[in-house]
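Residues 794 to 1164 (the working numbering) make up the sequence shown, in order.
Backbone N, C-alpha and C fix where the C-beta goes; we use that ideal spot for every residue, glycine too.
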Amino acid sequence: MVTFLPSRPGRLADVPAFHRSIGGAESNVACALAAAGHTTRWVSRVGADGFGDHLVEAIGGYGVDVSHVRRDPDRPTGVYFRTAGDRADDAHEVAYYRAGSAASAMSPTGVDLDAVRAGRVLHLSGITAALSEDCLTLMRELTAPHPGRPLISFDVNHRPGLWGEAYGPEVLLDLARRADIVFVGEDEAEEAWGLTGGPTAIREALPEPTVLVVKQGAAGAVAFRRPPAGDRAAGAMGVPPPERSREWGRAGADGTPQSPGCDNTPRPATDHGTFEPAPRVDVVATTGAGDAFAAGFLSATLRGLPLKTRLRHGHLTAAATLTTPGDLAPPPARPLADRLAALDDPAWGRLRLGPGWTDADAEAVEEARTP
């Protein structure tokens, strides 16, 4: 959808002008992954209007394949407006105009399912499930067991304002249980499901995903990884092993998609939570940071990096968005991110990232760390 960012802080009623940008959880992740050097595709539905033109052109400009985005002649492109404040701020306002939008008309018969399932990882969001009954049916179809199903990544993204009376947040719990990699905030797990026992309680409620990432805001994130059991060691997380297409390869036992011919020997895994603190960040705006975190984590997953390093790449990509005013920011260049992610724990703990940090070299970033 199209996002309108305020020209100044204040209530929506008082903001005189807005700047148009692109928004949407899945497209944010696709753009960030493409900017990080991965091949990505965005499959969606937008209106046959100027806003739809803008979205397709802007997202395609990041290098994302938009050839399977359908244009709806009868429904408009969704839009939303937000205030400049932090989402956690009581004064923060978001105005969604998505009812009857083109995206809400997505369904199992209204999208190219083969195009959706073609990649090694399929990233989905709970926001899509809230748009309409047809969208929820599509989400259930994509997360169901299916021959050749890709690795399913699911960001809960609980948005209470989008849910009607017919369905509630328990739908998100059901979808999360069907996924392979799940991202959820500790605060949203409490709001959506009443889970107050922290990451361990969330893991107990979600034992099925092989990888569960519980985000704890500025403190950091905890990742759980379940050991492979039986047949899951050969074809990890629902991805068929040798029959899998040569083009896309297979997945390893820790959920890392692998190239054809790679050794699929099960790697050591544990379901004990791995906590990785977030670096200190001079925050400009928080919207889109969760999508950026998912993109950084998935990028590191696709590269087969260790779990701790995946969390650090998630934090660094989130920091790129946190230090800019929009929903989407280019991630740090891979050499910079790799160098920072490889810091020892004391040096990582001293990092402090502010606006413009992604344009600096690694030495400058390290020198700007908190004493």
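C-beta contact flag for Thr876 and Val839 at 9 angstroms: Position 83 of the sequence shown, counting from 1, holds the residue named residue 876. Position 46 of the sequence shown, counting from 1, holds the residue named residue 839. The Cβ atoms of Thr876 and Val839 do not sit closer than 9 angstroms to each other.
With three or more C-beta pairs closer than 8 angstroms as the rule, is the region 899-909 touching the region 856-864? Segments in contact, yes.
In the structure shown, what three-state DSSP assignment does Ser820 receive? Here residue 820 corresponds to residue number 27 of the sequence shown, with the count starting at 1. Ser820: helix per DSSP, three-state reduction.
Look up Leu1136 in the DSSP assignment and say whether it is helix, strand or coil. Working through the sequence shown from its first residue, we reach residue 1136 at position 343. Coil, per DSSP.
Which residues in the same chain as Ile815 place their Cβ atom closer than 7 angstroms to its Cβ, once the five residues preceding and following it in sequence are excluded? Position 22 of the sequence shown, counting from 1, holds the residue named residue 815. Within the same chain, Ile815 has close Cβ partners Val795, Thr796, Leu848, Ala851, Ile852 and Leu1121.
Short CB-CB distance (under 9 angstroms) between His916 and chain D: No chain D is part of this structure, which consists of one protein chain only.
Considering only the beta carbon of each residue, do Glu1069 and Val1004 sit closer than 9 angstroms? By one-based count along the sequence shown, residue 1069 stands at place 276. By one-based count along the sequence shown, residue 1004 stands at place 211. In this structure, Glu1069 keeps its C-beta atom at 9 angstroms or more from the C-beta atom of Val1004.
Pair every Cβ in the region 819-839 with every Cβ in the region 802-810, then say whether three or more of these pairs are closer than 8 angstroms. Touching, no.
For Asp842, the residue or residues it bridges with in DSSP: Reading the sequence shown from its first residue, position 49 is the one you call residue 842. The partner list for Asp842 (beta bridge, DSSP) is empty, contrary to what the question assumes.
Buried or exposed by the 16-neighbour rule on C-beta atoms within 10 Å, applied to Ser897: Within the sequence shown, residue 897 is the residue found at index 104, counting from 1. With 16 or more Cβ atoms within 10 Å of its Cβ, Ser897 is classed as buried.
Between Gly893 and Ala823, what straight-line distance do the alpha-carbon atoms span, to the nearest angstrom? Position 100 of the sequence shown, counted from the first residue, corresponds to residue 893. Position 30 of the sequence shown, counted from the first residue, corresponds to residue 823. Approximately 24 angstroms between the Cα atoms of the pair.
Using 9 angstroms as the threshold, is the C-beta distance between Arg971 and Gly912 below it? On the sequence shown, residue 971 is found 178 positions in, with the first residue counted as 1. On the sequence shown, residue 912 is found 119 positions in, with the first residue counted as 1. No, Cβ-Cβ distance for Arg971 and Gly912 is not below 9 angstroms.
Curious, which full-length beta strand (DSSP E) runs of at least 3 residues does the region 866-912 contain? If we require 3 residues or more, the beta strand (DSSP E) runs fully inside the region 866-912 come out as 872-875 and 887-890.
Is DSSP giving Arg1018 helix, strand or coil here? The sequence position of residue 1018 within the sequence shown is 225, counting from 1. DSSP places Arg1018 in the strand class (E or B) of the three-state scheme.
When you compare only the Cα positions, how much space is there between Gly919 and Pro940? Position 126 of the sequence shown, counted from the first residue, corresponds to residue 919. Position 147 of the sequence shown, counted from the first residue, corresponds to residue 940. Between Gly919 and Pro940, the alpha-carbon positions lie close to 23 angstroms from each other.
Report the CB separation of Val887 from Gly954 in whole angstroms; it is logged as a contact under 8 angstroms. In the sequence shown, the residue the question calls residue 887 occupies position 94. In the sequence shown, the residue the question calls residue 954 occupies position 161. The C-beta distance from Val887 to Gly954 rounds to 7 angstroms, short enough to fall under 8 angstroms.
Identify the continuous beta strand (DSSP E) that holds His916 and give its terminal residues. The residue you call residue 916 lines up with position 123 of the sequence shown. Counting along the chain, the unbroken beta strand (DSSP E) around His916 starts and ends at Val914 to Ser918.
Distance between beta carbons of Ala985 and Leu965, contact taken as under 8 angstroms: Position 172 of the sequence shown, counted from the start, is the residue given in the question as residue 965. Position 192 of the sequence shown, counted from the start, is the residue given in the question as residue 985. Under the criterion of beta carbons closer than 8 angstroms, Leu965 and Ala985 qualify as touching, at roughly 6 angstroms.
Beta-bridge partners of Val1074, as assigned by DSSP: One-based indexing of the sequence shown puts residue 1074 at position 281. Beta-bridge partners assigned by DSSP to Val1074: Leu1146.
Cα separation between Met899 and Gly961? What you label residue 899 is simply residue 106 of the sequence shown in a count that begins at 1. What you label residue 961 is simply residue 168 of the sequence shown in a count that begins at 1. Distance from the CA atom of Met899 to the CA atom of Gly961, rounded to whole angstroms, is 20 angstroms.
So does Gly1147 have its beta carbon nearer than 8 angstroms to some heavy atom of the ligand SAM? Ligands displayed in this structure: none; no statement on the ligand SAM is therefore possible.
Which residues DSSP lists as bridging Ile852, in chain order: Position 59 of the sequence shown, counting from 1, holds the residue named residue 852. Beta-bridge pairing links Ile852 to no other residue.
Got a sec? Which residues, its chain only, sit under 7 angstroms from Ala1111 by beta carbon, not counting five neighbours each side? The residue you call residue 1111 lines up with position 318 of the sequence shown. Taking C-beta separations shorter than 7 angstroms and ignoring five residues to either side along the sequence, the partners of Ala1111 in its chain run Ala1082, Ala1085, Phe1086 and Gly1089, following chain order.
Rounded to the nearest angstrom, how far is the Cβ of Leu917 from that of Phe947, given a contact under 8 angstroms? Translated into positions along the sequence shown, residue 917 becomes position 124. Translated into positions along the sequence shown, residue 947 becomes position 154. Going by Cβ atoms, the distance from Leu917 to Phe947 rounds to 5 angstroms, so yes, they are a contact pair.
Secondary structure at Pro799, three-state DSSP: helix, strand or coil? Position 6 of the sequence shown, counting from 1, holds the residue named residue 799. DSSP, reduced to helix, strand and coil, places Pro799 within a strand of the structure shown.
Going by beta carbon distance, what residues of the same chain come within less than 8 angstroms of Pro1148, once the five residues before and after it are set aside? Taking the sequence shown and counting its residues from 1, the one referred to as residue 1148 is at position 355. So the list reads Asp1075, Val1077, Thr1116 and Thr1117, once near-sequence residues are dropped.
Under the DSSP definition of a beta bridge, which residues are partnered with Val1007? The residue given as residue 1007 occupies position 214 in the sequence shown. Looking at the DSSP output, Val1007 shares a beta bridge with Val977 and Val1015.
Can you list, in chain order, the residues of its chain whose CB lies under 6 angstroms from that of Gln1009, leaving out five sequence neighbours each side? In the sequence shown, the residue the question calls residue 1009 occupies position 216. Glu979, listed in sequence order.
Among Ala827, Gly843 and Phe874, which residue has its Cα nearest to the Cα of Gly856? As a working mapping, residue 856 is identified with position 63 in the sequence shown. The shortest C-alpha to C-alpha distance from Gly856 to any of Ala827, Gly843 and Phe874 is the one to Ala827.
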